[in-house]
RNA sequence: GGAGGGAUUCCCGAGUUGGCCAAAGGGGGCAGACUGUAAAUCUGCUGGCGACGCCUUCAGAGGUUCGAAUCCUCUUCCCUCCA
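Numbering (our numbering), first residue to last: 296 to 707.
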């Protein structure tokens with residue numbers, strides 16, 4: 296039983312919220328109007344390539360957009376790109392993606408679906424693997440697909456153009472990717488495809504292919520690429536500027552508090568449901584000084600953490616933040632560092648070794664540096680001697696920098 | 001297939017009359033000060049090692065030399081122009 300929101304304006308507002316690019320806008324408008332009058336849900340496509348297991352906020356943005364469509368009563372089709380993942384999407388890449396074998400890809404699928412269905416309503420979502428049409432294709436079929444695209448057009452793409460001019464390699468197989476993604480659209484007769492702005496080219500290729508297949512071409516709704524905690528680069532694991540979906544509430548809340556102010560608006564728009572008028576009001580208040588940006592960010596952290604960890608998680612995250620960073624006190628719970636007798640020498644342990652055991656330094660040089668610069672505290676006291684053999688005591692707290700803690704636990 | 005250019009420490013990028021090079025400078029990162037775990041700014045550090053010394057790095061393999069990122073040979077990869 297599908298109930299549909301029947302007001303065009305309301306739907307349009309929801310659909311375009313946070314979107315950077317809606318194209319062709321007129322086509323989407325008329326598709327939507329027709330869908331309302333004919334009471335026929337739009338077929339909304341989102342393709343995900345299961346290339347890894349560590350999903351972060353950036354991965355989930357288009358899924359949130361899909362959820363909005365779903366709530367409005369449209370038909371959502373999640374394409375698991377088990378075949379496209381093997382090729383590797385070159386979008387926005389400055390180097391070739393590693394090619395994965397099918398087995399590895401299938402492993403990752405589980406995680407993706409799990410995460411996607413923490414947002415989407417599983418009952419109302421159609422899941423398709425694109426291997427179901429790519430696997431049986433023969434060489435002739437592949438060639439026919441390839442003949443739809445020209446090299447010149449592919450090289451117009453920004454990311455390829457950049458690579459081409461900066462002497463970076465482009466493999467032929469990467470040129471095939473957009474065609475595969477476009478073919479997916481044809482196979483499921485998509486009305487709308489979702490994705491980040493880096494997907495625009497691929498989505499446009501999908502339109503061409505659909506036309507070739509005698510279909511009405513899809514429209515695209517692109518969200519901006521979520522920037523990472525450094526505020527400059529897109530969120531990604533390799534840049535270590537990401538907020539993972541599996542992170543503890545404390546980390547998630549804290550990491551959001553650490554994003555630059557300039558990113559708040561983007562996060563609010565893309566991840567929360569706070570109405571745009573309210574966001575504008577917040578902006579005004581911050582400009583005139585009646586709202587501290589920190590408090591606005593707290594609200595953001597609270598909302599995002601709630602979305603992934605529930606209200607209890609948000610409370611835990613906030614309490615931790617308050618205690619550790621606002622009041623500069625030790626956290627109530629922290630990692631424990633067990634020390635066995637074999638690690639001690641006459642009850643003592645070299646402080647450099649201690650830091651490495653705790654995972655706070657990757658080399659003894661790094662450990663020495665931390666000590667020399669006053670970044671290491673034991674039991675609240677700054678340690679300055681890198682040659683210290685510390686007489687180990689149970690229950691004492693080792694702290695590095697402002698946010699890394701471990702409680703010493705003597706074994707035996 | 002022909003001609004030429006290139007590969008340097010996490011990244012970009014100096015360094016090619018051989019020693020003074022663990023390798024300039026910038027970025028990033030980390031730590032300290034300031035603060036709102038924001039931004040901006042200032043300071044220091046940033047190959048490994050129980051460490052004023054030793055060890056392994058400058059695409060890979062050999063060679064010349066007292067000594068090579070720097071010279072020679074071969075290999076791999078990338079780029080440009082020509083076909």
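A virtual CB, placed ideally from N, CA and C, is assigned to each residue, including glycine.
Treat the numbers as computed from the prediction; the structure is a model and nothing was measured.
Straight-line spacing of the CA atoms in residue 675 and residue 647 works out to 17 angstroms.
DSSP places residue 518 within a strand segment (E or B) once states are collapsed to three. The alpha-carbon of residue 629 is positioned some 9 angstroms away from that of residue 699. With respect to the 8 angstroms criterion, residue 420 and residue 371 are classified as neighbours on the basis of their beta carbons. Between the segment 641 to 660 and the segment 680 to 700 there are three or more C-beta pairs closer than 8 angstroms, enough to call the two in contact. According to the DSSP assignment, residue 702 belongs to no alpha helix (DSSP H) but to the beta strand (DSSP E) extending over 699 to 705.
Comparing alpha-carbon positions, the option among 696, 641, 378 and 559 lying closest to residue 431 turns out to be 378. If you check the CB distance, residue 540 and residue 567 do not come in under 8 angstroms.
Between the beta-carbon of residue 337 and that of residue 486 there is about 4 angstroms, and that keeps the pair under the 8 angstroms contact cut.
The alpha-carbon of residue 439 is positioned some 48 angstroms away from that of residue 551.
Straight through space, the alpha carbons of residue 692 and residue 362 are spaced by roughly 44 angstroms. Restricting attention to beta strand (DSSP E) runs no shorter than 3 residues, the segment 558 to 634 encloses them at 631 to 634, ordered along the chain.
In its chain, beyond the 5 residues on either side, 556, 559 and 581 have a beta carbon closer than 8 angstroms to the beta carbon of residue 588.
The segment 570 to 584 and the segment 522 to 538 do not touch, with fewer than three beta-carbon pairs separated by less than 8 angstroms. Burial state of residue 694 is buried, judged by a 10 Å Cβ sphere holding 16 or more other Cβ atoms.
Annotated three-state conformation of residue 342 is strand, per DSSP.
Annotation for residue 691: no alpha helix (DSSP H) segment contains it, and DSSP assigns it neither H nor E. Counting every other CB atom within 10 Å of its CB across the protein chains shown gives residue 619 a total of 16 or more, marking it as buried.
In this structure, 537 is the residue among 448, 537 and 584 with its C-alpha nearest to the C-alpha of residue 526. DSSP lists 643 as the beta-bridge partner residues of residue 686. Looking at the DSSP output, residue 362 shares a beta bridge with no other residue.
Beta-bridge annotation (DSSP): residue 371 is paired with 339 and 420.
Straight through space, the alpha carbons of residue 702 and residue 632 are spaced by roughly 6 angstroms. As DSSP reads the structure, residue 529 sits in a beta bridge with 522. Remark: C-beta atoms of residue 441 and residue 474 approach each other more closely than 8 angstroms.
Listed in chain order, the alpha helix (DSSP H) runs fully inside the segment 445 to 479 are 446 to 451 and 453 to 460, counting runs of at least 4 residues. Sequence-distant partners of residue 663 (beyond 5 residues in either direction) whose C-beta falls short of 8 angstroms from its own C-beta, in its chain, are 647 and 681. A direct Cα-to-Cα measurement between residue 453 and residue 470 gives close to 13 angstroms. For residue 504, the enclosing alpha helix (DSSP H) has its first and last residue at 495 to 507. In this structure residue 306 touches residue 367 by the C-beta definition: roughly 5 angstroms separates them, less than 8 angstroms.
Between the segment 399 to 406 and the segment 488 to 502 there are fewer than three C-beta pairs closer than 8 angstroms, too few to call the two in contact.
Per the DSSP secondary-structure output, residue 489 pairs in a beta bridge with 516. Judged by pairs of C-beta atoms under 8 angstroms, the segment 443 to 459 touches the segment 489 to 508, as three or more such pairs exist.
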